[in-house]
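Here the UniProt record's numbering is used: the first residue of the sequence shown is 1, the next is one more, and so on. Note that beta-carbon positions come from the ideal geometry of N, C-alpha and C, so glycine has one too. Computed from a prediction, not measured in an experiment: that's the story for all the values here. What follows is a short report on a single structure.
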Amino acid sequence: MTTHNKRIPTQHIVGFIVSITLTLVAAWAALQSDLSVRWIIIGIMALAIIQAGIQLFMFMHVVEPESQGGHVPWNMMFHGGVLATILVAGSLFTMSFGFTHDHDGDGHNQQQQQEEHNENEGSTENSSH
């Protein structure tokens, strides 16, 4: 029969409380602070990096000594980071350069649409007089 140690997972509880606190600080900075947008973004990015570290060390057991003699899956973490970088870069590229902003689908650009709109307004004014 095996004996089970019923101990309180203090590391997980502390990590959870710190993560919630960092999330609340980021939400307050975005919604209630009088800081400029640049400093809000810098602050939220710093809090995100700190929270990622907390997640890795307190929940993902990166430095757990029982994991095969201290073996850490750095290879998988590296590839996950590469994949995340590709996804973010691709999303930013698509949002920045991937659209022609031609939402009517018939190939007109904004200037042609404005000219057509002006012509239509002129014809309705002439027909009503």
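Ranked by Cα distance from residue 27, the options 119, 15, 47 and 95 are led by 47. DSSP places residue 38 in the uninterrupted alpha helix (DSSP H) bounded by 37 to 54. Leaving aside the five residues that flank residue 81 on each side, none in its chain has a CB nearer than 7 Å to its CB.
Buried is the label assigned to residue 58, since at least 16 other Cβ atoms lie within 10 Å of its Cβ. In this structure, residue 43 places its C-beta atom within 8 Å of the C-beta atom of residue 29. Restricting attention to 96, 31 and 60, the CA atom closest to the CA of residue 12 is found in 60. Taking the CA atoms as reference points, residue 20 sits about 17 Å from residue 32.
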